DNA sequence: CCTGTTAATTTTTTT
DNA sequence: AATTAACAGG
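Written out as structure tokens, the structure reads:
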């Protein structure tokens, strides 16, 4: 075809793209037109193939970068792919579309929002909000949460959307079934609510995209035409809606390349359909299939173990990973007495490996993987005791933290006064003398009058039933108005504006006050998180500026026109959108030297020299819930396969005979997956993985002799390293020291937002003047996040706790 | 209206 | 064990 019209790079340069690739990889890179399925086993150089293929299309095939669409599942994967392609083809790669399903479809949906009945400025709501809306709907329909668990109802709605089953069809399918009928009613109300507040949840983004394309042939046609080449990574994790999107978009040119590994499909619980990859050959008759089976990551033993485990699954494409590497070290299996012994052993092994004379092992090349987040807790004590720097991933995401979500809700309500969801979140935060009954009345009036809840507050005096709290409600509405005016005046930097909101809203003061009361030092310092949000805002503003400069110098996709404006309003709008789509994993700076603790799910796609897989016990892994179905066990087995194949050189698998599960000490048998690993690959410590599955937590073996390590049995010795404070209390010297709370994003706390204030040399005992409270004396000073909380006794007799910078203190 | 108490409830995760 | 929701009392 017209593939080789233009040659953008010298041919010899293009040929370089094939260098160092094995025949299958090279074939995948060179494949010209038509559907292509790449079955890429773990560690088979998948990312390399995708990036080289894109580069090949551009430099050798003369394909315009803007005609290429590459879809990944995470922002992190997208960012990595982007930078690796850029290395290969240079700056023109910026015109490619690389992103997640959601980020790309949101761009398209904003452009055509009116076609699916939304305002262009629609908001994306997160899981928390979704749950809340479901609860509200249940309450309104008088359905007891006892029989209709919000979580279950929400997940039913979510899967319906993922399967492209709309409200009407769901109701039809429910038929006369009482329960399904009620869920259908919740579904209907839920959608109504979201639409009224101009919000979409994550599932809607996909559902509405499919609808947009199906109902608007002109729109579909434009994008079909534009994307001549489409690549989808992690195809085994696509759900039905994503499958439809890919099929719709690629129907014109049929240049669809999907990459995946059915053995690594571990997201069925969120709608991923493994059948999508298994059936690709049926969907695209005559497609090219390329298997990448040579593994470049792991040693022979690790790979053999992985193969042995996954072999037990039925319903998978036949393949077998191999390596030209040697067998390497045996896998070490530990049968510990309990979790503390397990932790001590691991910590001992880590410090032994790192501190051994001449060792080139680094903390950063090690990871501890587990099935459940709860298991990470046990390890912390042991790691800290040994002075091992570590970082726990997962659990709470930064943007999911309460204090962050509160600020975001303020910002959203400022932007969109009709955002009732945000209103609900912050009307009582901080406490302002508005209680449950008042809120209920406001909600009722808003519904009756067809006004937004904020509007009702502003006009509270008009309603007799709100007579008593009217002043407070109006005050709240006025504050939001004031903040909006400030936004429109546009005289602050972006981060400065957010800081302004954090203070004016009273959120900061509220945290200070609460801290006074419970004076337990929060392990997660909420003030520090709020400061961190400011650093993020600075970074965001800078990134956006760069992007705009790039965009101005070249062609601009219609979806990106809003980049041209840089007033506070539009910067804030896109910042809020990013907050909904952004997770902490996205910002793991890889060169930091610490051990990583993560779930197996979040370890997918990563690799480590040494991997510790902990808690390999029946009931935990596979989880007790998996026993209900064969399919669930198979998914757990794939999870085990993913875990094992993360290891490059050395794999440890550890178990405890007894463990605290849900506050109860239980006796834990060895996981069936471990028993599938052949004897010759494994070295056992502390007991056999085969026998010894008797019940009863007590064992008379009395621990174990460490086969190769001494440090484990020296619990008394504490090595102090600076890194130990990664998980400990943040220590910040005031003024001007960087925050230590989140080591990964060690952006200095002195952002442009906070730089305005000079570093003050305040001390306990200093006399100060405050604009409002007058003269006073500092009775205590606690550094926090490059600022400080000061307690001041004023001459009036009052004692106040304030943020030093915001208080604008004058030293006397 | 707010705050302190008891009772109940537990995968995995991204977007 | 630990977090979180419902509930009673100031």
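Residue numbers (my numbering): 49 to 860. We treat Cβ as the ideally placed atom computed from N, Cα and C, and that holds for glycine. In this text, all values refer to a predicted model and were calculated from it rather than measured experimentally.
Going straight from the alpha carbon of residue i to that of residue j, what length do you get?
i: residue 412; j: residue 655; result: 11 Å
i: residue 154; j: residue 470; result: 20 Å
i: residue 595; j: residue 666; result: 50 Å
i: residue 829; j: residue 562; result: 16 Å
i: residue 211; j: residue 217; result: 11 Å
i: residue 525; j: residue 810; result: 36 Å
i: residue 158; j: residue 397; result: 52 Å
i: residue 509; j: residue 438; result: 56 Å
i: residue 358; j: residue 680; result: 14 Å
i: residue 293; j: residue 693; result: 31 Å
i: residue 290; j: residue 149; result: 7 Å
i: residue 695; j: residue 457; result: 42 Å
i: residue 516; j: residue 464; result: 27 Å
i: residue 202; j: residue 854; result: 42 Å
i: residue 185; j: residue 288; result: 26 Å
i: residue 682; j: residue 361; result: 6 Å
i: residue 232; j: residue 196; result: 12 Å
i: residue 365; j: residue 310; result: 7 Å
i: residue 607; j: residue 168; result: 11 Å
Who are the near neighbours of residue i in its chain, counting only those whose CB is closer than 7 Å to its CB and skipping five residues on each side?
i: residue 472; result: none
i: residue 619; result: 542, 589, 592
i: residue 513; result: 489
i: residue 646; result: 415, 417, 441, 442
i: residue 177; result: 469
i: residue 285; result: 121, 313, 315, 320
i: residue 368; result: 341, 355
i: residue 502; result: 461, 465, 471, 525, 528
Apart from the five residues just before and just after residue i, which ones in its own chain have a Cβ nearer than 8 Å to its Cβ?
i: residue 188; result: 237
i: residue 409; result: 401, 402, 657, 658
i: residue 487; result: 472, 475, 476
i: residue 768; result: Note that residue 768 scores 25 on pLDDT, short of 50, meaning its location in the model is unreliable and no value can be drawn from it.
i: residue 720; result: 666, 670
i: residue 213; result: 221
i: residue 492; result: none
i: residue 718; result: 383, 664, 665, 666, 703, 737, 738, 740, 741
Label residue i either buried or exposed according to how many other C-beta atoms from any shown protein chain fall within 10 Å of its C-beta, with 16 as the threshold for buried.
i: residue 505; result: buried
i: residue 226; result: exposed
i: residue 239; result: buried
i: residue 220; result: exposed
i: residue 453; result: buried
i: residue 72; result: buried
i: residue 616; result: buried
i: residue 710; result: exposed
i: residue 347; result: buried
i: residue 351; result: buried
i: residue 676; result: exposed
Give me, in chain order, the residues of the same chain whose beta-carbon lies closer than 6 Å to that of residue i; leave out the 5 immediate sequence neighbours on both sides.
i: residue 823; result: 817, 843
i: residue 700; result: 380, 660
i: residue 827; result: 839, 841
i: residue 337; result: 85
i: residue 466; result: 500
i: residue 776; result: Note that residue 776 scores 28 on pLDDT, short of 50, meaning its location in the model is unreliable; the coordinates nonetheless yield the value given after this. Once the five neighbours on either side are set aside, residue 776 has no close Cβ partner at all.
i: residue 847; result: 841
i: residue 143; result: 113, 114
i: residue 330; result: none
Contact defined as beta carbons within less than 8 Å: I believe residue i pairs with residue j. What is the distance between those atoms, to the nearest angstrom?
i: residue 387; j: residue 704; result: 5 Å
i: residue 249; j: residue 325; result: At roughly 26 Å, the Cβ-Cβ gap does not stay under 8 Å, so residue 249 and residue 325 are not in contact.
i: residue 671; j: residue 383; result: Their Cβ separation, rounded to whole angstroms, is 20 Å, which puts residue 671 and residue 383 out of contact at 8 Å.
i: residue 130; j: residue 106; result: Their Cβ separation, rounded to whole angstroms, is 13 Å, which puts residue 130 and residue 106 out of contact at 8 Å.
i: residue 573; j: residue 833; result: 7 Å
i: residue 598; j: residue 668; result: The pair is not a contact, with the Cβ atoms about 48 Å apart (cut-off 8 Å).
i: residue 551; j: residue 451; result: No, residue 551 and residue 451 are not in contact; Cβ-Cβ is about 13 Å, not under 8 Å.
i: residue 307; j: residue 283; result: 6 Å
i: residue 462; j: residue 540; result: No, residue 462 and residue 540 are not in contact; Cβ-Cβ is about 13 Å, not under 8 Å.
So does residue i have its beta carbon nearer than 8 Å to some heavy atom of the ligand NAD?
i: residue 659; result: With respect to the ligand NAD, the structure offers nothing, as it holds no ligand at all.
*4-residue-minimum alpha helix (DSSP H) runs that sit fully inside the segment 482-552, ordered along the chain*: 484-497, 501-506, 518-537, 542-552
*Which runs of the alpha helix (DSSP H) fall wholly inside the segment 288-317 and span at least 4 residues, in chain order?*
288-298
*asked:* Threshold first: 4 residues or longer. Then list the alpha helix (DSSP H) segments lying entirely within the segment 155-238, N to C.
replied: 175-188, 198-210, 215-222
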